[in-house]
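First up is the structure itself, then whatever we jot down about it.
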Amino acid sequence: MVSLEVMGERSYTLCFRPIVSDGAWGGGPMDAVIFGGMAALANIVGGFWVTWPRLIARRSLLLYPLALGAGFLLAAVFLKVLPTSLDLDLWRGHSAPPLVLVLAGYLLIQLFEHTVAPHFHFGEETHVEALSGRHVVWAAVGGVALHAFFDGVAIAAGFHVEHRLGVLLFIAILLHKLPEGFTVASIVLASGRSRRAARWASAAVAVATLVGVLLVGVAREVIPYALPLSAGVTLYVAASDLIPEINREPRSASSLVVFLGVALYYMTEKMLEAFGL
743 MVSLEVMGER SYTLCFRPIV SDGAWGGGPM DAVIFGGMAA LANIVGGFWV TWPRLIARRS
803 LLLYPLALGA GFLLAAVFLK VLPTSLDLDL WRGHSAPPLV LVLAGYLLIQ LFEHTVAPHF
863 HFGEETHVEA LSGRHVVWAA VGGVALHAFF DGVAIAAGFH VEHRLGVLLF IAILLHKLPE
923 GFTVASIVLA SGRSRRAARW ASAAVAVATL VGVLLVGVAR EVIPYALPLS AGVTLYVAAS
983 DLIPEINREP RSASSLVVFL GVALYYMTEK MLEAFGL
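Each number in my numbering comes from the position in the sequence shown (counting from 1) with 742 added on.
Right, here's the structure in full:
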């Protein structure tokens, strides 16, 4: 609390509430690791899905969590992550505008997906001819791993800042983790490699998620930068990866599920608020 006197006539009292908690982890010492681990596990499950003959026939079921996750992600970024990032900027007193970092995160994925790994999209990979080169395959896998790394960064930064933010980001990210694991395994299979290689690729993406979580855990000072940067990445994934994939489907039901994702975000936040979480 700081008192200011202006021109000797009137006093103003300014109250500052720290956004980042004083403890090592805003949501508890192990929350980010536990929730990040569950998100990483979903990558592995998605990878195994595409390599199991009985489950691959039901791959269309993954479209609905993809659409739900897109809506939840968009709502989380605009209604929670961006406002929190702006508060963080005021609190830390640094000059780097958080919206510049949001834009940088968005453009980073744009650059990677359309320059380093130009043949990348969520969902099942069917363009076998485009994956004939080793570089093309592993560049696409690297693109998914980069997404996963920032998933981990977002979850960890969220829990550092506020438990509720961490939970909301975890749910948003979890909803697209199964399709993410499915995507990377599908890329490897479409290139002519074995099911074992596809499963290892999904495991590598899971590890990238954990690396993102742990990096934020050991370098807490990056949180004011990590949160808006990961927000830009998340915004790209939702608006430029997931939504176009959903819009390619002829069925209108999947598009409507995006709106359900937004509603689910609102209900989840209200429930967390009601329970004091």
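For glycine and all other residues, C-beta sits at the position ideal for the given N, C-alpha and C. A quick note: this is a predicted structure, and the numbers were derived from the prediction, not measured.
Find the nearest neighbour of residue i within the set the options, judged by alpha-carbon distance.
i: phenylalanine 854; options: Ser827, Thr925, Leu828, Val883; result: Val883
i: leucine 972; options: Gly934, Leu849, Tyr806; result: Residue 972 is actually serine in this sequence, not leucine. Comparing Cα-Cα distances from serine 972 to each of Gly934, Leu849, Tyr806, the minimum goes to Leu849.
i: proline 966; options: Thr826, Pro807, Leu984; result: Thr826
i: valine 1023; options: Ala968, Ala995, Ser996; result: Outside the shown range of the chain, which is 743 to 1019, sits residue 1023, and nothing can be said about it.
i: valine 958; options: Ala899, Arg938, Ala948; result: Ala899
i: valine 775; options: Val955, Ile913, Ala943; result: Val955
i: alanine 948; options: Gly778, Ala782, Ala939; result: Ala782
i: glycine 683; options: Tyr978, Val953, Arg938, Ile897; result: Nothing about residue 683 can be read from this structure; the chain reaches only from 743 to 1019.
i: threonine 1010; options: Gly779, Gly894, Gln852, Ile913; result: Ile913
i: arginine 990; options: Met780, Phe924, Ala809, Ala927; result: Ala809
i: arginine 962; options: Ala896, His902, Thr925, Leu1006; result: His902
i: alanine 881; options: Val926, Ile915, Val964; result: Val926
i: leucine 917; options: Ser928, Val879, Val1004, Arg941; result: Val1004
i: glycine 885; options: Gly894, Gln852, Ile897; result: Gln852
i: proline 992; options: Leu931, Leu805, Asp983; result: Leu805
i: tyrosine 879; options: Phe892, Val930, Val844; result: In the sequence under discussion, the amino acid at residue 879 is valine, which differs from the tyrosine named in the question. That would be Val930, whose Cα lies nearest to the Cα of valine 879.
i: serine 982; options: Met772, Leu815, Ser936; result: Leu815
i: alanine 887; options: Leu984, Ala950, Val964; result: Ala950
i: alanine 894; options: Leu952, Trp942, Val960; result: As written in the sequence, residue 894 is glycine, which differs from the alanine given in the question. Of the candidates Leu952, Trp942, Val960, the one whose C-alpha sits nearest the C-alpha of glycine 894 is Leu952.
i: alanine 980; options: Val819, Gly778, Ala932, Phe790; result: Val819
i: leucine 1006; options: Leu841, Ala946, Trp794, Leu821; result: Leu821
i: glycine 811; options: Ile915, Arg938, Ala940, Ser928; result: Ile915
Return the first residue and the last residue of the alpha helix (DSSP H) that residue i is part of.
i: serine 944; result: 937-960
i: valine 926; result: 905-932
i: proline 840; result: 840-853
i: serine 982; result: Element bounds for serine 982: n/a, residue is neither H nor E.
i: glycine 1026; result: Summary: the structure shown does not reach residue 1026, with the chain confined to residues 743 through 1019, and so no result is reported for it.
Buried or exposed: where does residue i fall if 16 or more other Cβ atoms within 10 Å of its Cβ makes it buried?
i: lysine 1012; result: exposed
i: glycine 934; result: exposed
i: proline 839; result: exposed
i: tyrosine 1008; result: exposed
i: asparagine 785; result: buried
i: glycine 788; result: buried
i: glutamate 922; result: buried
i: glutamate 987; result: buried
i: serine 944; result: buried
i: histidine 889; result: buried
i: phenylalanine 1001; result: exposed
i: alanine 817; result: buried
i: glycine 847; result: buried
i: alanine 1046; result: Because the chain is modelled from 743 through 1019, residue 1046 falls outside the range shown and cannot be assessed.
i: proline 807; result: buried
i: glycine 974; result: buried
i: leucine 911; result: buried
i: histidine 856; result: exposed
i: proline 970; result: buried
i: aspartate 1018; result: Rather than aspartate, the amino acid found at residue 1018 in this sequence is glycine. The residue is exposed, with fewer than 16 neighbouring Cβ atoms inside 10 Å.
i: proline 760; result: Legend: pLDDT at proline 760 = 42, less than 50; position of this residue unreliable, no value from coordinates given.
i: serine 936; result: exposed
i: valine 792; result: buried
Does any residue of chain D have a CB that is nearer than 8 Å to the CB of residue i?
i: serine 972; result: Within the model displayed, chain D is absent; a lone protein chain is all it includes.
Validate contact between the stretch 901-915 and the stretch 992-1001 using beta carbons, cut 8 Å, 3 pairs: Contact between the stretch 901-915 and the stretch 992-1001 is not established, with fewer than three Cβ pairs separated by less than 8 Å.
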